[in-house]
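Sequences listed follow chains A and B, in order.
Numbering-wise (numbering that gives the first Met the number 0), the first sequence opens with residue 0 and increments by one.
Numbering-wise (numbering that gives the first Met the number 0), the second sequence opens with residue 0 and increments by one.
C-beta: ideal position from N, C-alpha, C; glycine also.
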Amino acid sequence: MDLDHARIRIADLREKADFPFAPLEGVGPNLAGWGVIETCLLLPESVAIMAGPSACLRHSAFMAHARGFTERFHMLCIDELDMTMGRHLPLVEQGVADILARRDEKVAFLIVGCPDYILGTDFTGVINRLEASTGRRIILGAMAPITIGLKDSPFTSAYTTFFEFLKHEKRKPKDDRLNLLGTFMPLSASGEFYRVLADAGLDDVLQIPLCPDLETFAGMAHAQASVVMHPLANGLSGKLQSEMGIPTCFAPTAYGFSTIREQYGLIGEAVGRSLAIDKIEADAREAARPMLDVLRGKNVAVGCSINGSPFELALFLTDQGVNVETLFARGTIKPYEWKLIEQLRAARPDIQVYNASHPALCGQTEPFDHVQVAYGVDAGMFCANAANVPLSRYQEQKYGFEATLWMLDQTREAMEHPVANYDWIYDHDFLI
Amino acid sequence: MKEYHYLLPLATGYFGVSSALYDFEGLVVVYGPAGGAWHINIEDEPRWYRGPATVVGAGLLEMDVILGNDAKFIDNIVKTAKGLNRKFVALSGTPISEIIGTDLKGFARTIEARTDMPVFMVPTAGSEPYPEGASKAFLALADKFMAPDAPGIGNGINVLGAVHLSTGKEAHLAPLFDLLREEGFWLVSTFSGPVLGLNDPLEGVRNAPGAGVNAVISTSGLALAERMFADHGIPFVAGMPVGLAGCNAFMAMLRGEEPPAPERPDQAAPQRHALVIGEPVMSYGLKHCLVHDFGIPRVDVVSVTPSQALFRESPGRSGLLAERGPHDLDTDGEAEIAALMNDPSVDLIVADPCYRALTDGPAAFVDLPHVAMSARIHWDMDYEYIGEPGYDYLASHLLDD
């Protein structure tokens, strides 16, 4: 088993079945991102309670510690035998009731894992009784990686459940209100996107991580449109559209000038206004030129742990004449990325796409020793000599041409003052 | 049912298997859904960084569980094991394999027949303490690789139970290996990793029955030590030689001598009632040090993994550096531990830094990371516990300049 098993030329990557199959999960550094618990806790006035075997809880607890949301997270340990016998239901019910008696949040997410999912445990009675006895809303969720690729991801499902707190609102559309969905680190209100929207008369923008309470969050029901910045939010935006008539626009974080222009166009259509971006784009192109000049002589790799699509970033860099020759990806390529792959295929058919979790790739660094700039902590893991630019969604959330300039500024910073990939992972916790 | 809020639930069985086998160039297959092995590598196993595929996940999906696609997974494991040319394959169970009753023993036999590689399974689920998984892994490793007729080495010693979840980075054990060398012992195996200078990482394991004595430094090594006494007549000493007095006592026990009476410490610490929280062998080693090196009159131990095996009568045990006190307790319950930490008479706590979250009281707190609690969060912290470096570390926190 060698590297050929773990990679494919992008020229040959035409459908999901072409992606290199990993017979066992080689534990690549490829899953940096949203956890179920932190997704649930984006909802204001909520607490998350996870019930399951200690082994399953430990990961979420680690994430809680690393990401700083310990305060709103509780765990109930259940052993496998109790679960198999169904003896855990009264234990969970009592455990949740005890926890809620000490807390004042209005919503509790009860998160169960793969065992309950497979056993088909029915929590309906538990939840009904708990809602009656505590007066809180109890939302059942699952951290069940056993469902990967078959259904909406657990993260998407958790995010979609937020609709429960919107669906009963009597909708009164507000012309100047826009929902931004799919941000974890909030997009700054002083940034480009807010300015562009404000110039177009949209100065009432709601983002979930900035909602202080459920009442503010419920205001999303009255927006004239939603903009989705991460595919995770497609489920929620889809429900807002289909059940409440709020138009949605999928415009994920991107780095390429032309993509960003297209996205602003889509957003303008969704909100029915013209967005003035010409000068912003011109200024950004001008500001980007010197850094792109520096990058043009470099060998570059792009990984899948970046905020945004690795294929989109690679396409932008390739269009700018940068030598992107290596991509690290997962088998769960998102629907919108196939169009990007098609464009990349035409532009640079010889790019090698690696399955970042293939066991044959583990420990391999020598084949990537010539790479000088690696985007994403996953790419940095393999490209040991490269300046590693994490572009993590846990750093800053940028959008529009500002994201391009931020990406380039981060690149310059990494080249001038490199931070070791080890430190990005182990000190900054950009890989959990 | 345990509830956790500020602490992480401790590492469990298959984490222990991984910790025990990680350094032997094998392939440890965590037989569960995607993510099981991932969490171990990313969070609990810093040795993973830029290393080869060692702990891998089966990546079970819903339909695999429902339809029982055993043949598919056996094929996948065979293909990977052959392709990566690892030295053995170990299969470890998870909550899902436990619930659906996967016949991992049958898997092991089939995979061994198809690969001509040594293959074994370690029966774990997902809720048992990690030392149990590590202990079973050591026994399985011994069954598979130990050479019963290994040549005897009179001054040979095996160090058993050195799993990183209990003892941290290997560098923390360097003072022990130095002391053993100074005492004239020949390190035959550490049983959780290769012996320096040997090309084959499993050679130490093969030679282990030739040693004259076993040093057991965590509860993970006790079952193997008892097995080696039963099968090969090798006596063992259990304990962690923390600080100066602990080292003297431990080395005397290994030499087969009575431990010397501890001397009065040159300088006593001001604390009067200490609480040590952690793995039992380590914690009792710390207790010995705090009492004899620092003169602290009362030291209570909270063993967060079971300690019974440490204190049970065992015919092969020739020495034990652990003394159970009337207030010592086995528990990993967050509320129970918090209550003990906030006892107003406790003026010193030695524990993993994660436990700091359970108290805001005035007791002094000395950080001693327990990887099975805090995973990699404090992996790179500067601390020591064995011998003189261990004494110096504790003294820097307990004594005035």
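Residue i, DSSP secondary structure in three states
{"i": "cysteine 248 of chain A", "result": "strand"}
{"i": "serine 188 of chain B", "result": "strand"}
{"i": "glutamine 416 of chain B", "result": "What is shown of chain B runs 0 to 400, which leaves residue 416 of chain B out entirely."}
{"i": "asparagine 354 of chain A", "result": "strand"}
{"i": "serine 225 of chain A", "result": "strand"}
{"i": "alanine 362 of chain B", "result": "coil"}
{"i": "glutamate 322 of chain B", "result": "coil"}
{"i": "alanine 359 of chain A", "result": "coil"}
{"i": "proline 128 of chain B", "result": "strand"}
{"i": "arginine 295 of chain A", "result": "coil"}
{"i": "glutamine 206 of chain A", "result": "strand"}
C-alpha gap between residue i and residue j, whole angstroms
{"i": "phenylalanine 87 of chain B", "j": "methionine 406 of chain A", "result": "44 Å"}
{"i": "aspartate 292 of chain B", "j": "isoleucine 39 of chain B", "result": "37 Å"}
{"i": "isoleucine 41 of chain B", "j": "alanine 386 of chain A", "result": "21 Å"}
{"i": "tyrosine 5 of chain B", "j": "proline 368 of chain B", "result": "16 Å"}
{"i": "phenylalanine 61 of chain A", "j": "alanine 374 of chain B", "result": "8 Å"}
{"i": "glycine 35 of chain B", "j": "leucine 23 of chain A", "result": "12 Å"}
{"i": "cysteine 39 of chain A", "j": "serine 45 of chain A", "result": "8 Å"}
{"i": "tyrosine 392 of chain B", "j": "arginine 102 of chain A", "result": "40 Å"}
{"i": "glutamate 14 of chain A", "j": "isoleucine 138 of chain A", "result": "36 Å"}
{"i": "serine 53 of chain A", "j": "threonine 109 of chain B", "result": "30 Å"}
{"i": "aspartate 434 of chain A", "j": "leucine 60 of chain B", "result": "With chain A covering only 0 through 431, there is no way to say anything about residue 434 of chain A."}
{"i": "tyrosine 21 of chain B", "j": "glycine 362 of chain A", "result": "14 Å"}
{"i": "lysine 173 of chain A", "j": "alanine 222 of chain A", "result": "6 Å"}
{"i": "histidine 377 of chain B", "j": "valine 241 of chain B", "result": "20 Å"}
{"i": "alanine 300 of chain A", "j": "methionine 239 of chain B", "result": "47 Å"}
{"i": "aspartate 368 of chain A", "j": "tyrosine 48 of chain B", "result": "17 Å"}
{"i": "arginine 113 of chain B", "j": "proline 314 of chain B", "result": "41 Å"}
{"i": "histidine 427 of chain A", "j": "leucine 339 of chain B", "result": "33 Å"}
{"i": "leucine 90 of chain B", "j": "phenylalanine 23 of chain B", "result": "15 Å"}
{"i": "alanine 188 of chain A", "j": "lysine 397 of chain A", "result": "11 Å"}
{"i": "leucine 138 of chain B", "j": "proline 258 of chain B", "result": "30 Å"}
{"i": "methionine 74 of chain A", "j": "methionine 380 of chain A", "result": "32 Å"}
{"i": "histidine 416 of chain A", "j": "threonine 410 of chain A", "result": "10 Å"}
{"i": "arginine 288 of chain A", "j": "leucine 2 of chain A", "result": "36 Å"}
{"i": "methionine 414 of chain A", "j": "leucine 326 of chain A", "result": "20 Å"}
{"i": "tyrosine 383 of chain B", "j": "valine 275 of chain B", "result": "Rather than tyrosine, the amino acid found at residue 383 of chain B in this sequence is glutamate. Approximately 15 Å, taken between the alpha carbons."}
Supposed close pair residue i, residue j - CB separation, criterion 8 Å
{"i": "leucine 314 of chain A", "j": "leucine 343 of chain A", "result": "5 Å"}
{"i": "isoleucine 110 of chain A", "j": "isoleucine 48 of chain A", "result": "7 Å"}
{"i": "alanine 335 of chain A", "j": "leucine 235 of chain A", "result": "The amino acid occupying residue 335 of chain A in the given sequence is tyrosine; alanine does not appear at that position. Rounded, the Cβ-Cβ distance is 17 Å, inconsistent with contact."}
{"i": "alanine 269 of chain A", "j": "cysteine 248 of chain A", "result": "4 Å"}
{"i": "proline 43 of chain A", "j": "leucine 213 of chain A", "result": "6 Å"}
{"i": "leucine 319 of chain B", "j": "phenylalanine 249 of chain B", "result": "About 10 Å separates the two Cβ atoms, so there is no contact after all."}
Counted within 10 angstroms of its Cβ, other Cβ atoms place residue i as buried (16 or more) or exposed
{"i": "alanine 136 of chain B", "result": "buried"}
{"i": "arginine 392 of chain A", "result": "buried"}
{"i": "serine 257 of chain A", "result": "exposed"}
{"i": "threonine 189 of chain B", "result": "buried"}
{"i": "glutamate 365 of chain A", "result": "exposed"}
{"i": "alanine 281 of chain A", "result": "exposed"}
{"i": "glutamate 225 of chain B", "result": "buried"}
{"i": "lysine 286 of chain B", "result": "buried"}
{"i": "methionine 219 of chain A", "result": "buried"}
{"i": "serine 344 of chain B", "result": "exposed"}
{"i": "glutamine 307 of chain B", "result": "exposed"}
{"i": "alanine 10 of chain B", "result": "buried"}
{"i": "lysine 278 of chain A", "result": "exposed"}
{"i": "serine 395 of chain B", "result": "exposed"}
Any non-hydrogen atom of the ligand ZN closer than 8 Å to residue i Cβ
{"i": "alanine 210 of chain B", "result": "Ligands in the displayed structure: none, and consequently the ligand ZN is not present."}
Residues of the region 81-108 of chain B with Cβ closer than 9 Å to any Cβ of chain A, in chain order: The region 81-108 of chain B vs chain A, Cβ under 9 Å: Lys81, Gly82, Leu83, Asn84, Thr93, Pro94, Ile95, Glu97, Ile98 and Ile99.
When you check each C-beta in the region 108-128 of chain B against every C-beta of chain A, which residues fall closer than 7 Å? Only those residues of the region 108-128 of chain B whose C-beta falls short of 7 Å from the nearest C-beta of chain A are listed: Ala124, Gly125 and Ser126.
Name, going along the chain, the residues of the region 61-72 of chain A whose beta-carbon falls closer than 9 Å to a beta-carbon of chain B. Cβ contacts with chain B: Phe61, Met62, Ala63, His64, Ala65, Thr69, Glu70 and Phe72.
Contacting positions in the region 100-128 of chain A - beta carbon closer than 9 Å to chain B: Only those residues of the region 100-128 of chain A whose C-beta falls short of 9 Å from the nearest C-beta of chain B are listed: Gly112, Cys113, Pro114, Tyr116, Ile117 and Leu118.
Proximal residues, the region 50-63 of chain B versus chain A, C-beta separation under 9 Å: From the region 50-63 of chain B, only Gly50, Pro51, Ala52, Thr53, Val54, Val55, Gly56, Ala57, Gly58, Leu59, Leu60, Glu61, Met62 and Asp63 have a Cβ closer than 9 Å to chain A.
Output needed in chain order: residues of the region 16-36 of chain B with a Cβ under 7 Å from some Cβ in chain A. Residues passing the 7 Å Cβ filter: Val28, Pro32, Ala33, Gly34 and Ala36.
To be precise: take each residue of the region 354-374 of chain B, compare its Cβ to all Cβ atoms of chain A, and keep it if any distance is under 9 Å. Which residues remain? When C-beta distances to chain A are compared with 9 Å, the residues of the region 354-374 of chain B below that value are Ala356, Ser373 and Ala374, in chain order.
Please name the residues in the region 349-361 of chain A whose beta-carbon is closer than 9 Å to at least one beta-carbon of chain B, in chain order. Answer in chain order: Ser356, His357, Pro358, Ala359, Leu360 and Cys361.
Name, going along the chain, the residues of the region 326-349 of chain A whose beta-carbon falls closer than 9 Å to a beta-carbon of chain B. Listed by position, the residues of the region 326-349 of chain A near chain B (Cβ gap below 9 Å) amount to none.
Anything in the region 331-346 of chain B with a Cβ closer than 7 Å to a Cβ of chain A? List those residues in chain order, please. For the region 331-346 of chain B, there are no residues whose beta carbon sits under 7 Å from a beta carbon of chain A.
What residues in the region 129-147 of chain A bring their beta carbon closer than 8 Å to a beta carbon of chain B? Cβ contacts with chain B: Ala143, Pro144, Ile145, Thr146 and Ile147.
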